[in-house]
Ligand SMILES: Nc1ncnc2c1ncn2[C@@H]1O[C@H](COP(=O)(O)OP(=O)(O)OP(=O)(O)O)[C@@H](O)[C@H]1O
Ligand SMILES: [Mg+2]
């Protein structure tokens, strides 16, 4: 559904950042994207919804292409981006207005608007905060408001660019559970993250390195093959624990159970 076809990108000519990047993401997938600082993850996110144009190659969403100006509006409706810092995303002074704002730009009729706003706030469990000021919310609530304002536009794909990285554990788990619930309902989720524990929860992971996709497979494969050894990225806690215990069991194994079997108490 979302296709990167030999995409090249540079900010400064002669300094290529992405070189011939090709991959395809299917409807309903949950894909994590990882890579070191400066590897081009945020650039990739901006190419996905046409905020940036490939220097060469093409980014397509179904039969739409970010190259065609006529397609761009539709693509931006269908590919929602949630950024790291929620504060930078607010324009209005209440949670409700924030969600309404995006819809006004889309010229959604009034009656439909109120249905969509209610549904979006309910989806992120923010219906009790409709009148609250966005800037006074907790980090997790701010991100959930940002997600609601995108959901109201009825996108097909949500791209989270380190959207959990500035949140405390509670805020993070709230946003992650919204992501997983939306995925369960059929939404395509792309989650750019430095948290390897979050990568384990994805169905598929892309590793960006040296301007190319260095790995494309399942999280257990990524962590098992030692691919990460050459990259400035951590292993997830569960994987490190397994290695420390000298175990080689499935990643989904219960780590408490593993500790118990290694150190019997009696
Ligand atoms: N607007 C810009 N103009 C010039 N160079 C830029 C611009 N935006 C990003 N870059 C450079 O492009 C490279 C990739 O940036 P990008 O933000 O895509 O990486 P990233 O993988 O998201 O990094 P991080 O993990 O720090 O978020 C970096 O070297 C960055 O300095
Ligand atoms: Mg980034």
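Residue numbers (the UniProt record's numbering): 1 to 266.
For glycine and all other residues, C-beta sits at the position ideal for the given N, C-alpha and C.
The distance from the Cβ of residue 162 to that of residue 135 is about 20 Å, inconsistent with a contact at the 8 Å cut-off.
Excluding its 5 nearest sequence neighbours in each direction, residue 120 has C-beta neighbours in its own chain below 6 Å: 99, 148, 151 and 152, listed in chain order. Burial check for residue 115: the Cβ neighbour count within 10 Å stays below 16, so the residue is exposed.
In the three-state reduction of the DSSP assignment, residue 23 falls in the strand class. Of all C-beta pairs linking the stretch 84-94 to the stretch 53-70, fewer than three are shorter than 8 Å, placing the two stretches out of contact.
If you check the CB distance, residue 4 and residue 202 do not come in under 7 Å. In the three-state DSSP reduction, residue 53 falls in the coil class, being neither helix nor strand. Counting along the chain, residue 45 sits inside the alpha helix (DSSP H) bounded by residues 41-48. In the displayed model, residue 6 falls within a strand according to three-state DSSP. In the structure shown, the three-state DSSP call for residue 200 is coil. In this structure, the straight-line span from the alpha carbon of residue 70 to that of residue 1 is close to 18 Å. Residue 64 sits away from residue 159, with the two beta carbons spaced by 7 Å or more. Only buried fits residue 35, as 16 or more other CB atoms lie within 10 angstroms of its CB.
Annotation: residue 113 to residue 123 spans about 15 Å, alpha carbon to alpha carbon. Residue 90 carries a coil assignment under DSSP once its states are collapsed to helix, strand and coil.
Residue 142 counts as buried, since no fewer than 16 other beta carbons sit within 10 angstroms of its beta carbon. In its chain, beyond the 5 residues on either side, 49 and 50 have a beta carbon closer than 7 Å to the beta carbon of residue 76. Comparing alpha-carbon positions, the option among 184, 154 and 140 lying closest to residue 165 turns out to be 140.
Residue burial annotation: residue 104 is exposed, with fewer than 16 other C-beta atoms found within 10 angstroms of its C-beta. Distance from residue 206 to residue 216 at the Cβ level is roughly 5 Å; contact confirmed, criterion being Cβ atoms closer than 8 Å. Note on geometry: alpha-carbon atoms of residue 242 and residue 210 lie some 29 Å from one another. The Cβ-Cβ distance between residue 58 and residue 67 falls below 7 Å. A Cβ-Cβ separation of about 6 Å places residue 17 in contact with residue 43 under the 8 Å criterion. With a threshold of 16 other beta carbon atoms within 10 Å, residue 93 falls short and is exposed.
Straight through space, the alpha carbons of residue 131 and residue 22 are spaced by roughly 44 Å. DSSP places residue 103 within a helical segment (H, G or I) once states are collapsed to three. Rounded to the nearest whole angstrom, the CA to CA distance from residue 39 to residue 213 is 10 Å. From the listed residues 97, 171, 111 and 230, the smallest Cα separation to residue 138 is found for 171.
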